[in-house]
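See below for the structure under consideration.
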Amino acid sequence: METMKIADVRDMTPDQMDDEVVKLRKEAFNMRFQRATGQLENTARLREIRRTIARIKTIQGQRRKAEASA
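In my numbering, the protein residues as written are 7 to 76.
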């Protein structure tokens with residue numbers, strides 16, 4: 007899986023964003039267990055997941071702020 011671009015996140019609906027965050031958190035949880043047992047092969051993927059979650063949360067915050075000021 008490749009890194010999600012910011013343009014892809016902006017095209018998502020709020021429900022899609024929530025679903026993606028849940029999916030990414032589950033993946034990160036599973037990868038942490040793999041790391042603990044020495045089975046994790048792609049260690050860079052954990053960093054990608056964290057950053058993608060941060061991108062989604064940032065856009066969600068921007069949208070909430072824009073709605074509140076409108």
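Just so it is clear, CB atoms sit at the ideal spot from N, CA and C, and this is done for glycine as well. All of these numbers come straight from a predicted model, not from anything done at the bench.
Close Cβ partners of residue i (< 8 Å) along its chain, the five nearest in sequence each way excluded
i, result
"R41", "T49, L52"
"Q66", "P20, M23"
Own chain, CB closer than 7 Å to residue i, minus 5 neighbours either side, in chain order
i, result
"T58", "T9, M10, L30"
Coarse secondary structure for residue i, derived from DSSP in three states
i, result
"K32", "helix"
"D17", "coil"
"L52", "helix"
"E47", "coil"
Residue i classed as buried or exposed, judged by whether at least 16 other C-beta atoms fall within 10 angstroms
i, result
"R61", "buried"
"I12", "exposed"
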